[in-house]
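This note's numbering applies: residue 1 is where the sequence shown begins, and numbers increase by one.
Glycine residues also receive a C-beta, built at the ideal position from the N, C-alpha and C atoms.
Below: one structure, written as structure tokens.
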Amino acid sequence: MRVAQYKLPKVAGDAEDASLVVYYFGQSQGGSTAANVERWVGQMKQADGNAVKDAKQEQFEANGLKVTTVDVSGTYVAETAPGSGTFHNNAGYRLRAAVVETPNGSYFVKLVGPEKTVAQWNESFQSYLKSFQLK
1 MRVAQYKLPK VAGDAEDASL VVYYFGQSQG GSTAANVERW VGQMKQADGN
51 AVKDAKQEQF EANGLKVTTV DVSGTYVAET APGSGTFHNN AGYRLRAAVV
101 ETPNGSYFVK LVGPEKTVAQ WNESFQSYLK SFQLK
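Now the structure itself:
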């Protein structure tokens, strides 16, 4: 299911690198765009522990493919590994994610890490998404 995984070097002042993972589960697999956006937003909490209310969602077309993105900041609380029962608790994080819809199934792209580091890689992330094409 993991097509690719990248470590994006941290910027000065951040304790950790960011990670970018691309997932592909197959045609009609991996859930709907809306379900994935909802799940990603749910992986972030506000400082007070409540759900994040200011997630930014956008849609655009890249080489004929529909791309839906989400951008959310807060405390990253996703499970460390599926089914592990242990969770991250990383304050000051940012999650950028996207669903790239193709006729052969959707690709799911998730960038997460310290806010400043993700901001440093944001333009590259956008360019990467715009480069997707079906061959």
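Pick from Ala18, Arg94, Leu8 and Thr86: whose alpha carbon is nearest that of valine 72?
The residue you call residue 72 lines up with position 72 of the sequence shown. The residue with the shortest Cα to Cα distance from valine 72 is Arg94.
Whole-angstrom Cβ separation of alanine 136 and threonine 75, contact assumed at under 8 Å?
One cannot answer for residue 136 here, as it falls past the ends of the chain, which runs 1 to 135.
Does threonine 33 come out as helix, strand or coil in the three-state DSSP assignment?
Position 33 of the sequence shown holds residue 33. Threonine 33: helix per DSSP, three-state reduction.
What residue does the beta strand (DSSP E) around lysine 66 start on, and which one ends it?
As a first step, residue 66 is located in the sequence shown; it is residue number 66 there, counting from the start. Residues 65-76.
From serine 28 to lysine 66, what does the alpha carbon distance come to, in whole angstroms?
Within the sequence shown, residue 28 is the residue found at index 28, counting from 1. Within the sequence shown, residue 66 is the residue found at index 66, counting from 1. When rounded, the distance between both Cα atoms is 15 Å.
For the alpha helix (DSSP H) containing serine 127, name the first residue and the last one.
Taking the first residue of the sequence shown as position 1, residue 127 is located at position 127. Element bounds for serine 127: 115-130.
Taking all protein chains shown into account, do 16 or more other C-beta atoms lie within 10 angstroms of the C-beta of leucine 134, making it buried, or fewer, making it exposed?
Your numbering for residue 134 matches position 134 in the sequence shown. Classification for leucine 134: exposed.
Three-way DSSP call (helix, strand, coil) for valine 52 in this model
Counting from one through the sequence shown, the residue named residue 52 turns up at place 52. Note: valine 52 maps to coil in three-state DSSP.
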